[in-house]
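If you count by my numbering, then the sequence shown holds residues 18 to 383, one letter each, in order. We put the beta carbon where it would ideally sit given N, CA and C, even for glycine. Structure record follows, encoded as structure tokens.
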Amino acid sequence: MRRLLFSLSLVCASLCSCSKPLSPESWQSSAPAFAHLEGLGVKTVYFNGAALPVVLKRNPAWLQPGDRVAGSEHMRSLAQSGLSPKLFRQLDRQEHFDALLLAGDPVQFRPLTEHLLKTQDWALDWVDSWCSVYRRQTGGGLTREAILAIATQWDGAGPRVKGAALSAMSERLVAASRLDMAGELLQLAKAVDGKSAAVWTAEGWYRLARGEWIQAVAAADKALQGGGGRERPARSVKAQGLYFSKQFEEAYLLSGELLAEAPEDPVMLFTHAKIAHEVRAIQEEVGVLRKLIGIAGRERRPTSWYRVYLGQALAMTGEGEAALKEFDIALGDPDLPEDQRDFAKSTRARVALRVKPETGGRAKIQ
């Protein structure tokens, strides 16, 4: 079991006792979060794949000996569980984590954070520009005052640094469904750097979370005008805003570009599959979903969610027998969410009524 062994210097760097602002080079420093965890006295911490390079650099003693081997089963499970709540729960039963450390793009661990919001047995305990920390508890969590106190570490920084840091914090708060504070930090970020691509990209994620699709697209367009190395995140916001506002053709073209740049990204693959469905590019949707199933299978993540959509798509192409097979595999998974189970059952029933046997034992939809 990994145990956190913090040095005295990190304790002294605790945000509560540090008034010196971070330098521009360290606006995403991991030190404050590590110091916070040390202050809590936690002993066992889950961290996602994006945090691993920092853990290795700062203190390899945090890992089990086997974790230092590239591609170890344990580290692979940690990295993959951000997309698989079931896998996370398996790890948690084995190691009983005291805290969760989630670094990197919040989109990459959205399934896990959505699961935590649903179960409500973990609460947000820390957020900064580099990571979010959750603790095992019900209720409570970070207060407005605590969040604003964390944000003060950039008060002495320049507009570019402060705007980027506050925007990153806002994106993490959106992921934690703390939209009140996400919006408040965005206003602070706009006040110091209102033309920043980072600020407007964060605004786009905030608007998406509020269901304000047109405003999200507008924010993404402002981010793209500003540039500054945030083009891909801004285009991702725009693609989703276009999709939810039913501008499917534009969304399809944009998501296709994003997928070409990251053809193995599960999040982008699933987004493109949904958009392809809306423009009736069903064969493309089928291909993307099969690719997702292959990736998830290799990573030992559940495939049932994807199979429900694949069954629907196959039914639309007239492949009734193949569609029924996918639905049956999905329904055989006891961990399939209830809403997906209900959808799979009803859709399978409709498909089964239309399937007629052909000569040679094959079946097709009439």
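query: Cα separation between residue 305 and residue 100?; result: 17 Å
query: What first and last residue would you give for the beta strand (DSSP E) that runs through residue 64?; result: 62-64
query: Give me the DSSP bridge partner(s) of residue 152.; result: 116, 140
query: Given this structure, state the Cα-to-Cα distance separating residue 297 from residue 114, to the nearest angstrom.; result: 44 Å
query: Whose C-beta lies closer than 6 Å to the C-beta of residue 53 among residues of the same chain, with five residues either side of it excluded?; result: 143
query: Taking the Cβ atom as the reference point for each residue, do residue 151 and residue 192 lie within a distance shorter than 8 Å?; result: no
query: For residue 180 and residue 96, I'd like the C-alpha separation in whole angstroms.; result: 29 Å
query: Between residue 221 and residue 240, how many whole angstroms is the CB-CB distance? I'm expecting something under 8 Å.; result: 6 Å
query: For residue 339, which residues from the same chain have a beta carbon less than 7 Å from its beta carbon, with the 5 sequence-adjacent residues on both sides left out?; result: 331
query: Whole alpha helix (DSSP H) runs in the segment 323-348 with 4 or more residues, listed along the chain?; result: 337-348
query: Taking the alpha carbon of residue 49 as the point to measure from, which residue in 190, 145, 360 has its own alpha carbon closest?; result: 145
query: Considering Cα atoms alone, identify which of 315, 45, 317, 308 is closest to residue 326.; result: 308
query: Can you check whether the CB of residue 268 is closer than 8 Å to the CB of residue 276?; result: no
query: Nearest by alpha-carbon distance to residue 121: which of 134, 147, 132, 273 is it?; result: 147
query: Starting from the C-beta of residue 106, find all residues in its chain whose C-beta is less than 6 Å away, skip the five residues before and the five after it, and write them out in chain order.; result: none
query: Alpha carbon to alpha carbon, how far is residue 252 from residue 157? Give it in angstroms, no decimals.; result: 35 Å
query: Quick one, which of 123, 153, 65, 67 has its alpha-carbon nearest residue 137's?; result: 153
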